Amino acid sequence: MTAFSINYHDNMVYLERSALAGTKAMTAIDRLIASWRASPDLHSLAEGATEAELDDFEARVGWKLPTEWRELYIRANGVGLGPTEFYPLFGAPSLFRGSQYWRARDWAAPDELWIAGGPTRRCPGALMP
492 MTAFSINYHD
502 NMVYLERSAL
512 AGTKAMTAID
522 RLIASWRASP
532 DLHSLAEGAT
542 EAELDDFEAR
552 VGWKLPTEWR
562 ELYIRANGVG
572 LGPTEFYPLF
582 GAPSLFRGSQ
592 YWRARDWAAP
602 DELWIAGGPT
612 RRCPGALMP
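Just so you know, we're using this note's numbering here: the sequence shown kicks off at 492 and counts up by one.
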């Protein structure tokens with residue numbers, strides 16, 4: 492089973508995947524979404540992405556989102572996390588445009604690393620492996 496570990500540091504959010512032993516009734520994504528919904532004064536979830544939007548994103552970038560990330564984007568296509576945000580697939584900022592923006596400015600990061608969020612509309616923060 493895979494879980495997400497959320498770490499905040501200097502107004503940046505880092506989402507990491509880690510393996511858990513055993514099986515839980517609630518998936519890691521269920522727990523993550525539930526934790527965000529438990530504090531609506533701090534977190535605002537956008538409506539989930541459609542399968543067509545996910546397919547469009549994958550066609551544009553030329554790779555498939557990991558299963559857990561597809562599930563997350565189906566549940567919430569962007570999340571306000573207080574001073575930080577988890578980017579939607581498209582828009583400004585977004586998973587699609589944020590990574591392109593920084594790479595166009597010679598940001599020395601491997602192609603498999605994508606900017607998935609950061610301080611609200613200021614600079615990149617979350618990185619998706």
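Ideal Cβ positions, reconstructed from N, Cα and C, are used throughout, including at glycine.
Note that the structure is a prediction, hence the values are computed from the model and not measured.
Problem set entry | Member of L572, S530, R596, A600 whose CA lies at the smallest distance from the CA of G608 | As a working note, residue 608 is residue 117 in the sequence shown. The candidate whose alpha carbon is nearest that of G608 is L572.
For this session: Count the CB pairs spanning the segment 588–601 and the segment 559–573 that are closer than 8 Å, and state whether there are at least three.
Result: no
Problem set entry | Rounded straight-line distance, which links the Cα of A595 to that of P584 | Working through the sequence shown from its first residue, we reach residue 584 at position 93. Working through the sequence shown from its first residue, we reach residue 595 at position 104. Between P584 and A595, the C-alpha separation is close to 15 Å.
Problem set entry | Inter-residue Cα distance where the pair is T541 and Y592 | For the purposes of this step, residue 541 is taken as the residue at position 50 of the sequence shown. For the purposes of this step, residue 592 is taken as the residue at position 101 of the sequence shown. Cα-Cα distance, rounded: 24 Å.
Exercise. What are the boundary residues of the alpha helix (DSSP H) that L545 is part of?
Worked result: In the sequence shown, the residue the question calls residue 545 occupies position 54. Per DSSP, L545 belongs to the alpha helix (DSSP H) from 542–552.
Problem set entry | Cβ-based neighbour list, L556, same chain, cut-off 8 Å, excluding 5 preceding and 5 following | To locate residue 556, count along the sequence shown from 1; it is residue 65. Contacts found: L545, F548, E549, Y564.
For this session: Would you tell me roughly how many angstroms separate the C-alpha atoms of G539 and A567, rounded to the nearest one?
Result: Position 48 of the sequence shown, counting from 1, holds the residue named residue 539. Position 76 of the sequence shown, counting from 1, holds the residue named residue 567. When rounded, the distance between both Cα atoms is 4 Å.
Exercise. DSSP state of W598, grouped into three classes?
Worked result: Counting from one through the sequence shown, the residue named residue 598 turns up at place 107. Residue state, collapsed to three classes: coil.
Exercise. Is A600 near the ligand HEM, with its Cβ less than 7 Å from a heavy atom?
Worked result: By its list of ligands, the structure shown contains no ligand whatsoever, and the ligand HEM lies outside what it can speak to.
For this session: With S535 as the anchor, note down where its beta strand (DSSP E) starts and where it stops.
Result: Position 44 of the sequence shown holds residue 535. Start and end: 534–536.
For this session: Helix, strand or coil for T518, going by three-state DSSP, please let me know.
Result: The count along the sequence shown starts at 1 and reaches residue 518 at position 27. T518: coil per DSSP, three-state reduction.
For this session: Give the straight-line distance between the Cα atoms of S530 and R522, rounded to the nearest whole angstrom.
Result: For this step, residue 530 is matched to residue 39 along the sequence shown. For this step, residue 522 is matched to residue 31 along the sequence shown. Using only the alpha carbons, I get a separation of about 13 Å.
For this session: Please name the residue in A543, R528, S535 whose C-alpha comes closest to that of E576.
Result: One-based indexing of the sequence shown puts residue 576 at position 85. Of A543, R528, S535, the residue nearest in Cα terms is S535.
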